[in-house]
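Participant: After the structure tokens below, expect a handful of questions from me.
Protein chains: 2
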Amino acid sequence: MSVPEAERLARVTLSCGVEPGDGTTSQLVRQIGPVKAVQSSLVPKPDSGLAARLEAVDPVRQLEQAERCGIRFVVPGDPEWPAGLDLLDDAITLEGFGGTPPGLWVKGPMPLTALASSVAVVGSRAASVYGIEMTRTLCEHLASSGVPVVSGGALGIDFVAHDATLVAGGATVAVLACGVDRVYPAQNRRLLHHLATELAVVSEQPPGSAPTRPRFLARNRLIAALTRGTVLVEAALRSGALNTAGWAELLSRHVMCVPGPVTSYTSQGVNNWLRQGRATVVTHGSEVLELLGQAGQHLVVEPRGEERARDALSRVERQVLEWVPVSTPAQVDSIAHLSSLHVRETVGALRRLEAKRFVRLEEGGWRLVPDT
Amino acid sequence: MSVPEAERLARVTLSCGVEPGDGTTSQLVRQIGPVKAVQSSLVPKPDSGLAARLEAVDPVRQLEQAERCGIRFVVPGDPEWPAGLDLLDDAITLEGFGGTPPGLWVKGPMPLTALASSVAVVGSRAASVYGIEMTRTLCEHLASSGVPVVSGGALGIDFVAHDATLVAGGATVAVLACGVDRVYPAQNRRLLHHLATELAVVSEQPPGSAPTRPRFLARNRLIAALTRGTVLVEAALRSGALNTAGWAELLSRHVMCVPGPVTSYTSQGVNNWLRQGRATVVTHGSEVLELLGQAGQHLVVEPRGEERARDALSRVERQVLEWVPVSTPAQVDSIAHLSSLHVRETVGALRRLEAKRFVRLEEGGWRLVPDT
């Protein structure tokens, strides 16, 4: 059941001729299929350059050129097509963008099917030391649990998410706003080259496309749709990462936020989402796995404080300890009375508590050793 | 409709003879009144020192002594009795403690009626600089809004909550686990003395009582019950402040948490409560007021990022700007095409954007100025 060539070529034409995140075209494709969608769009309409742009595409040549560069074009019907993208219903839009892309351009050996269990880890470009550290710890845990990490290949949190996953031997994929053959930002040249060679770089934009603001916004919906949930590590109040979280929310995926200091600029957007109840707090990779797993999988042991010496005391010792005053010493009689224990029992317990350095005998009676 | 003297004296006896947070006695008082509760408890029972302890109390003398020290005993039926304490139903228990106290010992001129609009601000004794700063800012806002701050008079967050409220000219009350005439911890001598002289210090324990662990746990329910909500600024996983939050939760009061760094020991308990969905994120005093206010009162303006120069652009300028590439420059024709605008219009917009330093003309065309 392979995809008909005409359909694949029509999708190449749409991918090259239509800007990403165009819900109208996506809807048309859904209704009448890609071949007819191209045909009907080739009729010039006033105030629209669409027909001319589609006319200018040579899909066969595009596909050949891409293949020569080791880039494949994955479309609905291909075994590698990520089912999550079909959730990008045309009714779901954010800032004017929406719709299923006509196809995905992919460079790299990793099959997109591996993304079925993936998590998006995104955040500010202007990351803080705290954000970087949290991203690194989270991604190391995800990598060691075999969960692929998807991010946007940008500077800051994105870079660290990819990098930390790689260092921990995990799988990670960058979803770009430009063509998968382009390097943006230039500082991430080595990372992007490594991903394109060893794992995968993905874009709905055809090879050669430049990154523009709208393409970043359109791209964000793919990051949310390709993954089971989005972890927002750090984001200022107007960070683009919040847009990705918005997409995850619209698609009913888990939105997970790492809380941060209220006083940190780069945690304001994150804390605001938590305040609005739009995201779940995560403080560790294991909590991400618990949220995303099947019921009963990856259950997290509730965090507890360290065990204290107090926990190891006998019932009688504890009962006595409860009534030893913090400041002014008390007599054995009084402690026995309050503890509802015999004096002899109380004295024994006090002596054992003294040996364990919980209490001490001072002039005037027994009192707690400070800080127990 | 003043409280009968016999009833008040019976409550003094119960307050002096029964350890705080004893739900059984509280239930008895609710069912048969304080006078009969004392009478029925005076019958000695095996394994219980209660009868002997009650027998030993001289309530008239206790009351006289307290009054000589400027301490009053407020009981249900007094105009000053805080209605919130009646919510401490005997069915509500936490770690074995519960029940309405027989009365409150109060030192200081501030009437407890002023607590009707109060907020509890609590947290770790081992506070971090971050926690201290957040407590200070929150309490300054509450003070300047006329909202009294209740806390436990302890070191750390409690101290800062009282202190910052006082510095900002606000009202604040300490609820203690020992008698209101005692100074615990000793380091807070000046603070506690100031509160007892100018505002109020409150305890269910009679004057002279020492602070013990159970009394701290019992005390926490009063902090929660006396206030409209509890703000937890910082708390480690086993902090006593979480016990106060637990009481606020049981009493269906608002529990508000200030999120903190996951890497900070003193924010672990707070972040854990947020993760469990048991508390609302607050990042500013205004958000506390909004949560506690009547519907429509104290509405918070949603935090927004700073206005950016981009926000002031015209529609056409924005439309053009959207299509100016980040990296590789683009020709005017291409930008006009993508923007669906005439070339002349596009050039005009590009020139204005250039003057505003959004874009620049390079060899090869227009591109964005980095970081816009």
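Line order of the protein sequences matches chains U and Z. Offset between the first sequence (1-based) and my numbering: plus 6. Offset between the second sequence (1-based) and my numbering: plus 6. A virtual CB, placed ideally from N, CA and C, is assigned to each residue, including glycine.
Under three-state DSSP, which class holds U:L238?
Facilitator: Note: U:L238 maps to strand in three-state DSSP.
Participant: Strictly under 8 Å for the Cβ-Cβ distance: is Z:P88 near chain U by that measure?
Facilitator: With 8 Å as the cut-off, Z:P88 does not count as an interface residue toward chain U.
Participant: Closest Cβ-Cβ distance between Z:H199 and chain U: below 8 Å?
Facilitator: Taking Cβ atoms only, chain U never reaches closer than 8 Å to Z:H199, which makes this a no.
Participant: Listing by chain order, which chain Z residues have their CB less than 9 Å from the CB of U:R219?
Facilitator: Correct list: L327, E328, W329, V330, V332 and L374.
Participant: Check each candidate in U:A58, U:L148 and U:S8 and name the one with the smallest Cα separation from U:L1.
Facilitator: Residue 1 of chain U falls outside the range modelled here, since chain U spans only 7 to 378, and no answer is possible.
Participant: Quick check: the stretch 189 to 205 of chain U against the stretch 164 to 172 of chain U, are there 3 or more CB pairs under 8 Å?
Facilitator: As far as the Cβ criterion goes, the stretch 189 to 205 of chain U touches the stretch 164 to 172 of chain U, which means the pair count is three or higher.
Participant: With DSSP collapsed to three states, give me the class of Z:L110.
Facilitator: Three-state result, Z:L110: strand.
Participant: How far does the beta strand (DSSP E) with Z:S157 in it reach, from first residue to last?
Facilitator: Z:S157 -> beta strand (DSSP E) spans V155 to S157.
Participant: Taking DSSP's pairing of strands, which residues face Z:C263 in a bridge?
Facilitator: Answer is Z:L238 and Z:V287.
Participant: For U:W372, tell me which candidate among U:R36, U:L347 and U:A342 has the shortest Cα-Cα distance.
Facilitator: Of the candidates U:R36, U:L347 and U:A342, the one whose C-alpha sits nearest the C-alpha of U:W372 is U:A342.
Participant: Do U:A404 and U:G176 have their C-beta atoms within less than 8 Å of each other?
Facilitator: An answer regarding residue 404 of chain U cannot be provided, because it is not within the stretch 7 to 378 covered by chain U.
Participant: Can you confirm whether U:S320, when its beta carbon is compared against all beta carbons of chain Z, has any partner nearer than 8 Å?
Facilitator: Cβ-Cβ to chain Z under 8 Å: no for U:S320.
Participant: Between the C-alpha atoms of U:S123 and U:D164, what's the straight-line distance to the nearest angstrom?
Facilitator: Each residue's alpha carbon lies about 19 Å from the other.
Participant: Would you say Z:H343 faces chain U, with C-beta separation under 8 Å as the test?
Facilitator: For Z:H343, the answer is yes, since a Cβ of chain U falls inside 8 Å of its Cβ.
Participant: Should the stretch 311 to 330 of chain U be called in touch with the stretch 358 to 373 of chain U, which here means at least 3 C-beta pairs below 8 Å?
Facilitator: Taking 8 Å as the limit for Cβ pairs, the verdict is that the stretch 358 to 373 of chain U does touch the stretch 311 to 330 of chain U.
Participant: Considering only the beta carbon of each residue, do U:V156 and U:T141 sit closer than 8 Å?
Facilitator: Not in contact: U:V156 and U:T141 (Cβ atoms no closer than 8 Å).
Participant: Going by the beta-carbon positions, is the gap between Z:P265 and U:N277 smaller than 8 Å?
Facilitator: In this structure, U:N277 lies closer than 8 Å to Z:P265 by Cβ.
Participant: Using beta carbons (cut-off 8 Å, strictly below), is U:Q211 in contact with chain Z?
Facilitator: Output row for U:Q211: interface = no.
Participant: Between Z:Q37 and chain B, is the shortest Cβ-Cβ distance under 8 Å, so that the two count as touching?
Facilitator: The structure shown has no chain B; the protein chains it does contain are U and Z.
Participant: U:A16 and U:D40 - do their beta-carbons sit closer together than 8 Å?
Facilitator: This sequence places Pro at residue 40 of chain U; Asp is not what is there. Yes. Within cutoff.
Participant: Please go through the same chain and pick out, in chain order, the residues whose beta-carbon is closer than 6 Å to the beta-carbon of Z:T378, but skip the five residues on each side of it.
Facilitator: No answer about Z:T378 holds up, because its pLDDT of 44 lies below 50 and its placement is not dependable.
Participant: Counting contacts by CB-CB distance shorter than 8 Å, is Z:S258 in contact with chain U?
Facilitator: It does not: the Cβ of Z:S258 has no partner Cβ on chain U nearer than 8 Å.
Participant: Would you mind telling me which residues of chain Z sit closer than 8 Å to U:R281, beta carbon to beta carbon, in chain order?
Facilitator: Chain Z residues near U:R281: T286, V287, V288, T289 and E293.
Participant: Whole angstroms is fine: what's the gap from Z:A216's alpha carbon to Z:P309's?
Facilitator: Spanning the two alpha carbons is a distance of roughly 46 Å.
Participant: U:R234 and U:V125: beta carbons closer than 8 Å?
Facilitator: Yes. Within cutoff.
Participant: Would you be able to state if there are at least three C-beta pairs under 8 Å between the stretch 76 to 86 of chain U and the stretch 102 to 120 of chain U?
Facilitator: They touch, by the three-pair rule.
Participant: According to DSSP, what are the bridge partners of U:V80?
Facilitator: U:L110.
Participant: I'd like to know whether the C-beta atoms of Z:L182 and Z:R219 end up nearer to each other than 8 Å.
Facilitator: For Z:L182 and Z:R219, no; Cβs fall outside 8 Å.
Participant: Relative to the alpha-carbon of Z:C263, which residue among Z:V287, Z:L161 and Z:A97 has its alpha-carbon at the smallest distance?
Facilitator: Considering only alpha carbons, the answer is Z:V287.
Participant: Just to make sure I have the definition right: I need the residues of chain U whose C-beta is within less than 9 Å of the C-beta of Z:R310. Which are they?
Facilitator: Correct list: L243 and R244.
Participant: Please check if any C-beta of chain Z sits within less than 8 Å of the C-beta of U:S47.
Facilitator: Judged by the 8 Å Cβ criterion, U:S47 is not in contact with chain Z.
Participant: Is it true that the CB of U:P335 sits closer than 8 Å to the CB of U:G311?
Facilitator: It is not a contact, given that the beta carbons lie outside the stated cut-off.
Participant: If you reduce the DSSP assignment to three classes, tell me which class U:T378 lands in.
Facilitator: Confidence at U:T378 is low in this model, with a pLDDT of 44, below 50, so its placement is unreliable and no value can be given for it.
Participant: Quickly, what does DSSP pair U:T178 with across the bridge? List them, please.
Facilitator: Per DSSP, U:V155.
Participant: Please list the residues of the stretch 125 to 155 of chain U that have a C-beta atom closer than 8 Å to any C-beta atom in chain Z, keeping them in chain order.
Facilitator: If the cut-off is 8 Å between Cβ atoms, the stretch 125 to 155 of chain U has Y136, E139 and M140 near chain Z.
Participant: Find the residues of chain Z that neighbour U:A336, judging by a C-beta separation of less than 8 Å, and give them in chain order.
Facilitator: Within chain Z, the residues near U:A336 are A216.
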